[in-house]
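Input: a single structure, listed below in C-alpha cells.
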Amino acid sequence: EDKVVQSPLSLVVHEGDTVTLNCSYEVTNFRSLLWYKQEKKAPTFLFMLTSSGIEKKSGRLSSILDKKELFSILNITATQTGDSAIYLCAVEFWADGLTFGKGTHLIIQP
Amino acid sequence: DTAVSQTPKYLVTQMGNDKSIKCEQNLGHDTMYWYKQDSKKFLKIMFSYNNKELIINETVPNRFSPKSPDKAHLNLHINSLELGDSAVYFCASSPRGGARDTEAFFGQGTRLTVV
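Residue numbers (the numbering used here), protein chains in the order written: chain A, 14 to 123; chain B, 10 to 124.
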C-alpha cells in the first residue's frame, strides 16, 4: 500500500486559474514533508514543511501542512504555462528515508 | 513489490574506503538516474542511463562511477570516500529519457555517512 498519495494524478487548467494539489500520508514516525517540481534534469525543491498550520509562500506558490489530518496542499495562483510540470510530494519518516508520491501532472493551457 | 529499491538504506563508512550503492527497478523502464540530496533538500542529478547507455553525466568527481549491468539496474560505486560525500543518494527510473515532465519513480534513498 502507498504511504504517500497525491491527487489528482493529472490536472489540466487554463492560464490564470488557481490550482490546489493534494498530498496525504500515513502516520509512521513523520519527520517532514517536501514538495518538488519535476524539471527536465532534476526535481526543483519548493518547500519543506514540518509544523502544522504554518503556510510557506514563494511567489505564486504556497503550501501548508495539516499533521492532524495527515495531508498537505500546494497552491499555485495565477498559473502560467511555465508551471506545467509534475509536482512531487515526498515525506520523510524517521528511520525510513524519503517516500515519494506518484506526482501530479499539471498542464497549463494558454 | 517495491518499484525502485535501493540498498543499503544506511551506510556508515570511513574516509578513504570504496563503497557501492545498488539500485534496481522492476517497472520495465528504460531510463534510470542517480541524484544527490544536499543538506538544503535540493536534488542534484549525477548520472542518467538510458538502456544501459550513459546519457547524462553532470560535474561529478571521477571517484563516482555508475555501472549498469542491465536496464533494470544502475549501481553507484564511490572510490576513496571523502567527508563531503556524506548525503542522501536517490535512485529513480522513468519510462522515457530526456523529455520534460517525464514521470519518475524514486527509491527511498541511501543515507551515506563518511566518518
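Think of the CB as a built atom: it goes at the ideal place given N, C-alpha and C, for glycine as much as any other residue.
How would you list, in chain order, the residues of chain B whose beta-carbon sits under 7 Å from the beta-carbon of T112(A)?
Per Cβ cutoff of 7 Å: Q117.
Pairwise C-alpha distance: Q23(B) and E91(B)
Going from the Cα of E91(B) to the Cα of Q23(B) covers about 8 Å.
Helix, strand or coil, according to DSSP, for T122(B) in the structure here?
When DSSP states are grouped into helix, strand and coil, T122(B) belongs to the strand group.
For E82(A), count the other beta carbons within 10 Å of its own beta carbon; 16 or more makes it buried, fewer makes it exposed. Which is it?
The residue in question, E82(A), is exposed, as its Cβ has fewer than 16 Cβ neighbours within 10 Å.
When N88(A), F113(A), N35(A) and R44(A) are compared against L62(A), the one with the closest alpha-carbon:
The candidate whose alpha carbon is nearest that of L62(A) is R44(A).
N-terminal and C-terminal residue of the beta strand (DSSP E) that K50(A) is part of
Unbroken beta strand (DSSP E) run through K50(A): F43 to Q51.
Compare the Cα-Cα distances from R72(B) to each of L52(B), D94(B), F115(B) and H82(B) and report the closest residue.
Nearest option by C-alpha distance: D94(B).
With three or more beta-carbon pairs closer than 8 Å as the criterion, would you say the stretch 52 to 68 of chain B touches the stretch 61 to 75 of chain A?
They do not touch, by the three-pair rule.
8 Å Cβ cutoff, K31(B) in contact with chain A:
False, the Cβ-Cβ gap to chain A never drops below 8 Å.
On the DSSP bridge assignment, give the partners of S74(B) in chain order.
Answer is H86(B).
Express the C-alpha separation of P17(B) and D27(B) in angstroms, rounding to a whole number.
D27(B) and P17(B): Cα-Cα distance of roughly 14 Å.
Apart from the five residues on each side of it in sequence, which residues of its chain come closer than 8 Å, Cβ to Cβ, to L24(A)?
Closer than 8 Å at Cβ, skipping near neighbours: V32, L34, T117, H118, L119 and I120.
Restricting to Cα atoms, I'd like to know which of N35(B), V69(B), A12(B) and L52(B) is closest to N88(B).
Nearest Cα to N88(B) within the set N35(B), V69(B), A12(B) and L52(B): V69(B).
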